[in-house]
Amino acid sequence: MLPPIPSDWRSLLKEETRKPYYRVLDAFLEDELANGQTILPPRKDIFSALASTSYERIRVLLVGQDPYPTPGHAHGLCFSVQSTIRPLPLSLRNVFRELYDDAGCQIPNNGCLESWARQGVLLLNTVLTVRAYKSNSHQGHGWEQFTDRIIELVAAKETRVVFVLWGREAQKKQKLITQPYHTVVECAHPSPLSARKFFGCRCFSQINRALEAAELKPIEWQIPDI
0 MLPPIPSDWR SLLKEETRKP YYRVLDAFLE DELANGQTIL PPRKDIFSAL
50 ASTSYERIRV LLVGQDPYPT PGHAHGLCFS VQSTIRPLPL SLRNVFRELY
100 DDAGCQIPNN GCLESWARQG VLLLNTVLTV RAYKSNSHQG HGWEQFTDRI
150 IELVAAKETR VVFVLWGREA QKKQKLITQP YHTVVECAHP SPLSARKFFG
200 CRCFSQINRA LEAAELKPIE WQIPDI
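Residues in the sequence shown are numbered consecutively from 0, following numbering that gives the first Met the number 0.
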C-alpha cells in the first residue's frame, strides 16, 4: 500500500522504513483496503509533503494532525485542499482570515497551499492517512513514530528552521526540537473550536521575522488565485 519514499528523502528515511512498526503500518493499511475502506489521501499523495519540499529547502515546518476525511479534499499537505474544493474547510478559512489581518494577504479563491511548500514550508501531518469520513481513525498505528523521525531530522538541520505548532497536539512535538538556534511559534489551533484564541496570534509575521533574523528569505504567504 505505502508508496516509495520521495527521492530527496529516501536516504534519510531508509532505516525508518526497515523497522518493524513501518511494516505493521503498511499491513494495517492493506487490511483497511481489503475490508472495503477508502483511505485518504490517495496512495500517490500520501508522501506529497516530502515530495513537495526537499530536506535541503526546508525553512518552516508546520505541524498538522491528520488529513481531511472528506473524499477529494486531502492531497498530502497539512491544512491544504485540492484547488477545486468549495467551500473551504473552516480551519483553512480561519487561517486565511489571520493571514489577511496579519500579513495583508488577500483571501484567495482556492485552498491549495502548494506555493508555500515550494518555498520551503514543510506541511506535515503527524498522521499521513485517514479512513474516509472518520477523523483520527489512523492514529496509533505507527504514523506518529514515522513523522516524529521527520521532525527530528528537520531539527538536526544546522540552519534555522521555524517550527509552527498550532494547538496542544502539535505543541507536544516541541520536545523533539532541542537545538537553540531554531524558532518555535506556538498558538491556538485555527479550528472553529479554538479560533477565538488563534485570531490575533500574528504567527505569519513572527515566522518571517525569525527567518529574516537568521538572514533567510521570508515566505511569500499570498496564495495565488487560479
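We treat Cβ as the ideally placed atom computed from N, Cα and C, and that holds for glycine.
Cβ-Cβ distances below 6 Å link residue 142 to 126 and 127 in the same chain, with the five nearest sequence neighbours on each side left out; the list follows chain order. Under DSSP, residue 185 takes part in a beta bridge, and its partners are 164. A direct Cα-Cα distance of roughly 22 Å separates residue 197 from residue 108. In the three-state scheme derived from DSSP, where H, G and I count as helix and E and B as strand, residue 62 is classed as strand. If you compare the alpha carbons of 40, 211, 130 and 53 with that of residue 78, the shortest gap goes to 40.
Taking C-beta atoms as the reference points, residue 122 and residue 71 fail to come closer than 8 Å.
Under DSSP, no beta-bridge partner is assigned to residue 206. In the assembly as shown, residue 48 is a buried residue. Its beta-carbon has 16 or more other beta-carbons within 10 Å. Residue 124 counts as buried, since no fewer than 16 other beta carbons sit within 10 angstroms of its beta carbon. Taken through DSSP and simplified to helix, strand or coil, residue 148 comes out as helix.
Residue pairing by DSSP puts residue 124 in a beta bridge opposite 63. In the three-state DSSP reduction, residue 159 falls in the coil class, being neither helix nor strand. Annotated as proximal: residue 223 and residue 114, with beta-carbon spacing under 8 Å. Per DSSP, reduced to three states, the secondary structure at residue 43 is helical. Under the three-state reduction of DSSP, residue 129 is assigned to strand.
Note on the stretch 50-122: whole beta strand (DSSP E) runs with a minimum of 3 residues are 59-63, in chain order.
It is roughly 6 Å from the alpha-carbon of residue 29 to the alpha-carbon of residue 0.
A direct Cα-Cα distance of roughly 25 Å separates residue 159 from residue 75. Excluding sequence positions up to five before and after residue 181, its CB lies within less than 7 Å of the CB of 154, 159, 160 and 162, all in the same chain and listed in chain order. Ranked by Cα distance from residue 35, the options 177, 202 and 131 are led by 131. Here residue 15 really is in contact with residue 148; their C-beta atoms are around 5 Å apart, less than 8 Å.
Boundaries cannot be given for residue 220, as no alpha helix (DSSP H) includes it and DSSP labels it neither H nor E.
Residue 93 is classed as buried because its beta carbon has at least 16 other beta carbons within 10 Å across all chains shown. Closest in alpha carbon position to residue 54, among 117, 38, 22 and 37, is 117.
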